[in-house]
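Notes for the one structure printed next.
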Amino acid sequence: MQVLSQPPKKIEHYEIASYGTLVAFAKILGHDDVAALLEETLAEEKDADLKLTDAAYNSINLDAAGEDESAGQA
Ligand SMILES: [Fe+2]
């Protein structure tokens, strides 16, 4: 279950799609130097997405699930 990390992951996915598109445009236009910089940023966005996924499975959502359970036990 990825509840709390979903909005940040959506943002990362939009960024990945955007930078991926920009890399393609830069290559088509022959701006390989720009494409290389954009590819670095694209890799950073993919890494951020993996970190958010890892956090969701290992911490954030487990904490949220625990809070939900304790909230119902008054
Ligand atoms: Fe990002």
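Residues 77 to 150 (this note's numbering) make up the sequence shown, in order.
Ideal placement from N, C-alpha and C gives every residue a C-beta, glycine not left out.
Outcome for residue i when other beta-carbon atoms lying within 10 angstroms are tallied against a minimum of 16
| i | result |
| --- | --- |
| L128 | buried |
| L105 | exposed |
| A112 | exposed |
Under the three-state DSSP convention, the category residue i falls into
| i | result |
| --- | --- |
| H89 | helix |
| L105 | coil |
Expected contact under 8 angstroms - CB spacing of residue i and residue j to nearest Å
| i | j | result |
| --- | --- | --- |
| K95 | L114 | One detail in the question is off: residue 95 reads as Tyr in this sequence, not Lys. Right, their Cβ atoms sit about 6 angstroms apart. |
| E121 | E88 | 6 angstroms |
| K85 | D125 | 6 angstroms |
| A102 | V110 | 4 angstroms |
Limits of the alpha helix (DSSP H) - the one that residue i falls within
| i | result |
| --- | --- |
| L114 | D108 to A131 |
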